[in-house]
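Numbering (the numbering used here), first residue to last: 1 to 183. Structure first, commentary second.
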C-alpha cells in the first residue's frame, strides 16, 4: 500500500494499469458513492491477489474517512495504491498510514546557465513546494563541469532540504551561490 504523488494522473494510471490483477478507479472527484464500488471490488477474491489503484484530482472528505476504514482493515491479498496530484489532497490520517512516493513525468530541466529569476519566482510562487520536488530540482542543476564550490553548494542545498530548512529559502540561497562570480 502506498500513496503516489504525480504530475500526470492519466499517464501513471496507464503505466500502473498494465500490472496483472490491477483495477483502476479514477474520477475527477472521488465521493462516498465511489467507495461502495471500490469496497465491493476489493472483497471479490482473485487468484494471486489484487491491486486496487484509486486516483482522483480531488478526494471528498467523506470518501476519505470511509477509505480510511478500508485501509486500516484491508481484505486479504488486496494492495491499495492512491494516486494524487499533491499529498495535501489527502487527510493527515491517510498520509500517516501509507508510505509516500513521487513519480513525475514532466520535469523542467534547468541548467545553471539558463536558470534565471523568472524560473526562481515560478518555483518559489508554488503554494506547496514538496521536499522531493526541490531535491529533483537541485539534482537537475548538477553538471560535472561545475566549479567545486558550486558543486559543494548543491550538496549543501540537498542537506538543507533533508534538515527541513525552509525550501524557498534554500532555492534563493542556491541561486545566489550559483550566480557568484558570473558577472
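Yeah, the Cβ is synthetic: ideal placement off N, Cα and C, and Gly gets one too. Here the structure is a predicted model, which is why all the values come from computation and not from measurement.
When rounded, the separation of the alpha-carbon atoms in residue 76 and residue 39 is 13 Å.
Sorting 118, 85, 68 and 142 by C-alpha distance to the C-alpha of residue 98 places 68 at the top.
Contact between the stretch 9-19 and the stretch 29-48 is absent: fewer than three C-beta pairs spanning the two stretches fall below 8 Å. Membership of residue 63 in the alpha helix (DSSP H) is indicated by the continuous run 61-72.
The stretch 128-139 makes contact with the stretch 147-164: 3 or more CB pairs, one atom from each, lie closer than 8 Å. Note: residue 25 is bridge-paired with 54 in the DSSP secondary-structure output. Its Cα nearest to that of residue 26, the residue 56 stands out among 1, 56 and 72. For residue 130, the three-state secondary structure derived from DSSP is coil. Rounded to whole angstroms, the gap between the alpha carbons of residue 46 and residue 19 is 14 Å.
8 Å or more divides the Cβ of residue 9 from the Cβ of residue 61. Contact annotation, residue 71 with residue 52: C-beta distance approximately 11 Å; criterion of less than 8 Å not satisfied.
Contact check for residue 78 against residue 49 passes: the beta carbons are separated by less than 8 Å. Between residue 80 and residue 31, the C-beta gap is not smaller than 8 Å, which leaves the two residues out of contact.
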